[in-house]
Structure formats: C-alpha cells, structure tokens
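In this note's numbering, the protein residues as written are 33 to 588.
Everything on this sheet refers to the single structure shown next.
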Amino acid sequence: MKTDVQIAQEAKMLPIVEIAKKLDLTEDELELYGKYKAKISLDVYKRLEDKEDGKLVLVTAINPTSAGEGKTTTNVGLSMGLNKIGKKAITTLREPSLGPCFGIKGGAAGGGYAQVVPMEDINLHFTGDIHAITTAHNLLSALLDNHIHQGNKLNIDPRRITWKRVLDMNDRALRKIVIGLGGRGNGVPREDGFDITVASEIMAILCLATSIEDLKERLSKMIVGYTYDNEPVTAGQLDATGSLTLLLKDAIKPNLVQTLENTPAIIHGGPFANIAHGCNSVMATKIALKLADYVVTEAGFGADLGAEKFFNIKCRYANLKPDVTVIVATVRALKNHGGVAKADLGKENMEALAKGFENLEKQIENVQKFGVPAVVAINRFPTDTEDELKYIEDKCKELGVDVVLSEVWAKGGEGGVQLAKKVVELSESGKSNYRPLYDLDMSIREKIETIAKEIYGADGVEFSSKALKEIEKYERIGLDKLPICMAKTQYSLSDNPKLLGRPRGFTITVKEIRASAGAGFLVALTGDIMTMPGLPKVPAANKIDLLPNGEIVGLF
Numbered sequence: 033m034k035t036d037v038q039i040a041q042e043a044k045m046l047p048i049v050e051i052a053k054k055l056d057l058t059e060d061e062l063e064l065y066g067k068y069k070a071k072i073s074l075d076v077y078k079r080l081e082d083k084e085d086g087k088l089v090l091v092t093a094i095n096p097t098s099a100g101e102g103k104t105t106t107n108v109g110l111s112m113g114l115n116k117i118g119k120k121a122i123t124t125l126r127e128p129s130l131g132p133c134f135g136i137k138g139g140a141a142g143g144g145y146a147q148v149v150p151m152e153d154i155n156l157h158f159t160g161d162i163h164a165i166t167t168a169h170n171l172l173s174a175l176l177d178n179h180i181h182q183g184n185k186l187n188i189d190p191r192r193i194t195w196k197r198v199l200d201m202n203d204r205a206l207r208k209i210v211i212g213l214g215g216r217g218n219g220v221p222r223e224d225g226f227d228i229t230v231a232s233e234i235m236a237i238l239c240l241a242t243s244i245e246d247l248k249e250r251l252s253k254m255i256v257g258y259t260y261d262n263e264p265v266t267a268g269q270l271d272a273t274g275s276l277t278l279l280l281k282d283a284i285k286p287n288l289v290q291t292l293e294n295t296p297a298i299i300h301g302g303p304f305a306n307i308a309h310g311c312n313s314v315m316a317t318k319i320a321l322k323l324a325d326y327v328v329t330e331a332g333f334g335a336d337l338g339a340e341k342f343f344n345i346k347c348r349y350a351n352l353k354p355d356v357t358v359i360v361a362t363v364r365a366l367k368n369h370g371g372v373a374k375a376d377l378g379k380e381n382m383e384a385l386a387k388g389f390e391n392l393e394k395q396i397e398n399v400q401k402f403g404v405p406a407v408v409a410i411n412r413f414p415t416d417t418e419d420e421l422k423y424i425e426d427k428c429k430e431l432g433v434d435v436v437l438s439e440v441w442a443k444g445g446e447g448g449v450q451l452a453k454k455v456v457e458l459s460e461s462g463k464s465n466y467r468p469l470y471d472l473d474m475s476i477r478e479k480i481e482t483i484a485k486e487i488y489g490a491d492g493v494e495f496s497s498k499a500l501k502e503i504e505k506y507e508r509i510g511l512d513k514l515p516i517c518m519a520k521t522q523y524s525l526s527d528n529p530k531l532l533g534r535p536r537g538f539t540i541t542v543k544e545i546r547a548s549a550g551a552g553f554l555v556a557l558t559g560d561i562m563t564m565p566g567l568p569k570v571p572a573a574n575k576i577d578l579l580p581n582g583e584i585v586g587l588f
C-alpha cells in the first residue's frame, strides 16, 4: 500500500484559480501563493453577505486512541462524497502545527485517498500564518520587557507577567526559562517560558475575529500581566495593537487549496482542542457557507473537547447554526477503549467492544445536548468483522442514531457517498435546533461544573486554592460573563488520560484559570496539560528527509 505522502505526490491538482472558479470567486479576490495555494480576500464575505448560508456539518469523534479514528480523513472524504452526489461542498480544516508534524502525531491533511493537497506545503510552512502569529506574539513579549526595562510607567509587576513567549515546535527545554541575565543592558531578570504557537491567545483571536477591526479590538484586550496593585495590563496599554495587527494582516485571510479529487478546501487557523478551542477560523467557515451548499468542518479530538467548544464558543460568537454532526469511530478504537492492547485490536472481541462502545454512547449524548442531529461514521478497517459492525449498528439504533460505514481512506469520495446521502437527509429534515449548553450569565464555577457534569459525566469539580483566587479576580475585573475553554486531556472523558471508555464516579480538578480576554474566554486547566509539548523518544523528524530528486519522504 502506498504511503499518504506517495498518494499525495501523485495527485493531479488543478491550478488554484480553477478551483476558485468553481466557487465563483474572481481573480481579484485571490492572492496567489504559487500555483496551488491562494488566500481569499475578506471582501468576499462582504460581497455575499446577503446570500443564504449553505448547510453546516460538524465532524467530531470519540476520544482519540493510538489505534486512530480518522476524523480529518472522514471530513475530507465526506466533502468529496457530497460532490459525488451533486452537491457543491467545501471542506474547512485547521492548519497543522509544525510541532506535532515533527513529533509524534504526524501531519494533519487527512489520509489515504481522502487528503488535502499540496500535502507537503500544508504540513510545513503553508502560507506563513503560524509564523506570523509567532512573530506577533513575540513582538508583544519584546515590547512588554522593553517597557519594564525603560522605566515601567505602567507599574507592571515582573513576578505577575502572564504572557509567555511562543515557538511552533515541541521543545520541553523551553517550558521554564530565565531571561534578562548578563547585566543592566540586557533587561530585567525574571522567570519566563515558552508555549507552542498554536496555544497562543493570538491564534485563538485570529480564529474568532470577523474583520481587521475586530482583530484589532481583540488584540488590544489581551492581558499580559498585572501591576503591583493587582490591576490587569493589556496589549493596548503597551501601544502594541497597531503593529500586531500589521503583522497579521495577511494571516487573517483564509487559505484555499483542494482535495485529491479537486474539491475546494479552505484551511485556516490551528488552535489545539485540548489547550485552546480547537476549530478552524470563523471567517473560513462563514465565507465557505456563502460559497457552497454544504460546508464540512471539524473540531479537534473527541466531542467532549472540540465539539463542546465548537458549540459553546465558536457557534455562539459567530452566530452559526450547525445542521448535522458526524461522530467518527472505529471498531479498533472502541476495543481499545474496552481495554484491548493495540497489538490485539485485529482480533474479534465482542466483550471489549461492548465496554468501549460506552465512550461512543457518551459522545452521542454530548452532541444531542446541543440539539444537533447526529450520524455515526464507522471508519472501516479490513480486520473489522460483520458481528462487530452489526453490534455497533444495533446499539446506535437503540439510541436513535444511524450508522454509516465510511471507506474514504481506501476509496476517496466514492467511499463517502453513503455517508454524504445520510448527511443530506438529516440536514434537510429540519431537526436541528442548536442551542449552547450554558448561559453566559452563570457564574464561572457554574459554567465549569456544567461542562464537567453534563459533557464529561463527572460527579463534580474540585477547585484549587489558586483557581478560586483567580475566579475572584476575574469576577472583580468583569470577565466572569465569558464562555469557558476547558484544557483537558484528549484521551479520556475525565482529566486522567488512563481512564478510557466511559469512566464513572470521578471528579474534575481545576488547577488554574487563565484569562484570554481578547479571544473572549477563560481557560480552565485540568490534569497535566502541557502548553509546550515535548518530543517522543524517536521523533517523526528522525525519519523525514528530502531526496536529491526533490521528493519528500517520511512526512506522513
């Protein structure tokens, strides 16, 4: 079997101007980045603002396992399947981060015959969006430390700076550092650290902003630290807003590429779903809804993370009304949730499947809490037995949810036709009645407890003394009406990554709460969430190479 990168390299791509013509975009509305990539002007949305939106389909999943689920692959394959049955469809995805690409996760462009291309570009520097965010973030860091060095008129307490630096690479050695060493000319010594770029609040802001003006306003509200009097200090107070906006003037524009079957794909923004809100940009989605009959988007990791944030944060801010949710699962992953080791997942095990199915059952319940109809897509593997597949189908029917086999990895759009037909049927049924899970007027504690109990199935929430003090602070400075972005392990419904399936009788521990005032949410950190990942013992980077003929190997 060919590797993903080999399949991608054999793709017959169309020039991106031809893809744009399918969407009735003019050349004046494109900024070309070579032959196969382009940025879309935000003016497109203004031109089409009065046009009726297409249908919005969210692709989510069970809690991810090492067995793999294929959420992005299903997203891409579904969009191609919709085009196969005569619908005008666009897939919208997040941009891959370089850290995971060279670490353990690999690329994020789909797989097999359901990929977006040019895959190598998308997984590497793409159009430079993430680099622009890195630069803007670190410019603010430089301005902040320079302000303190030059006299500190804002009375900033160096011990209470909350704005770390960022780098789009997994580098655990940078988590905790000391800066300003070497004498007076090198600034004020203090503790600092690095997060990965996709954890930057600027990434979240870029993905939620609806215009340059909105971007600028959000950037100005970012809290970088506190004064000696415990008052927040913002980027606006440091006079940083204009220069940050300038660095992001191109990054805010969505990127247009294509799938292996030349279906249009808009890929823009890349916040992680376990430490951020895990969705592609609002403008990518809103523009796509004006250009297509169906827009297939995704939210990172399981429905307890990405989908919850998609519904509670992105849809709320962008006034989106999703029509259908696709929940991706595999027989192998469900057996893994049922306690089967990865090496034994190819063997039929009905007992483990029944136990692992509870994870899928909970994720179905989670989606239904938002009033959006769901269909389960089983990403089929050759080792799946008929009895295993029938068990899932029967159990889902008991829950009132249809199941469709997806074979897009092996067959591309043709393997997604049945799923596409089911999505169309559900979207035209008028059954969607989207609603957020909680009201913003609820207290910070009540919002966190609602998510923990309703979505995770927890008995309750324990708050550290630090978190309780931060709640008091955010209530005092007027940030208590913001939605909550939970930072939690992706591997479990709980905050313990080892509790697979559907754990019961557990509590969630909130260790810390951070303010993303510009993005417009509070981040509640649970468990051992790293905002700067590390590399594994054998990083993917060790197997990646560029051959003399220009061929890239090992990327995915």
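Idealized CB from N, CA, C, for every residue including glycine.
Query, Result
"Selected residue, minimal CA-CA separation from residue 314, among 267, 333, 94 and 342", "342"
"Whole-number beta carbon distance between residue 47 and residue 67, since they are thought to touch under 8 Å", "6 Å"
"9 Å Cβ cutoff met for residue 291 and residue 548", "no"
"Counted within 10 angstroms of its Cβ, other Cβ atoms place residue 200 as buried (16 or more) or exposed", "buried"
"Sub-9 Å separation of residue 275 and residue 176 beta-carbons", "no"
"Beta-bridge pairing of residue 591 - partner residues as DSSP gives them", "With the chain covering only 33 through 588, there is no way to say anything about residue 591."
"Nearest-angstrom Cα separation, counted from residue 79 out to residue 250", "24 Å"
"Close-in-space but distant-in-sequence residues of the same chain around residue 566 (CB under 6 Å, 5 per side omitted)", "202 and 204"
"Sequence-distant residues of the same chain with beta carbon closer than 7 Å to residue 394, five excluded per side", "489, 525 and 534"
"Endpoints, beta strand (DSSP E) assigned at residue 411", "406-411"
"Cutoff 7 Å; reference residue 159; Cβ partners in own chain excluding five residues on either side", "65, 69, 71 and 287"
"Rounded Cβ spacing between residue 483 and residue 516 (contact assumed at less than 8 Å)", "6 Å"
"Rounded distance between the beta-carbons of residue 502 and residue 545, thought under 8 Å", "4 Å"
"Sequence ranges, alpha helix (DSSP H) only - wholly within the segment 177-263, length at least 4", "233-240 and 244-252"
"Nearest-angstrom Cα separation, counted from residue 307 out to residue 259", "26 Å"
"8 Å contact criterion, which residue 326 and residue 114 should meet: CB distance rounded", "5 Å"
"Option nearest residue 156 by Cα separation, candidates 415, 365 and 37", "37"
"CA-to-CA distance, residue 63 to residue 332, given in whole angstroms", "28 Å"
"Residue 62 (DSSP reduced to helix, strand or coil)", "strand"
"Beta-carbon proximity of residue 377 to residue 387, cut-off 9 Å", "no"
"Per DSSP, the bridge partner or partners of residue 382", "DSSP, once it has assigned bridges, lists no residue as partnering residue 382."
"Spatial distance of residue 424 from residue 360 (CA atoms)", "12 Å"
"Chain B contact for residue 396 (CB, 9 Å cutoff)", "The structure shown has no chain B; it contains just one protein chain."
"Distance CB(residue 499)-CB(residue 100) smaller than 9 Å", "no"
"C-alpha gap between residue 263 and residue 34, whole angstroms", "58 Å"
"Residue 151 burial status per 10 Å Cβ neighbour count (16 or more: buried)", "buried"
"N- and C-terminal bounds of the alpha helix (DSSP H) containing residue 307", "Segment: none, residue 307 is in no alpha helix (DSSP H) and carries neither H nor E."
"Three-state secondary structure (DSSP) of residue 375", "helix"
"First through last residue of the alpha helix (DSSP H) which encompasses residue 320", "314-323"
"Contacts around residue 345, its chain only, beta-carbon distance under 7 Å, and the 5 residues preceding and following it disregarded", "309, 515, 517 and 553"
"Where the beta strand (DSSP E) containing residue 326 begins and where it ends", "326-330"
"Residues near residue 268 by beta carbon distance below 6 Å, same chain, minus five either side", "252"
"Meets three-Cβ-pair contact criterion under 8 Å: the segment 405-413 and the segment 349-363", "yes"
"For residue 142, the three-state DSSP class (helix, strand or coil)", "strand"
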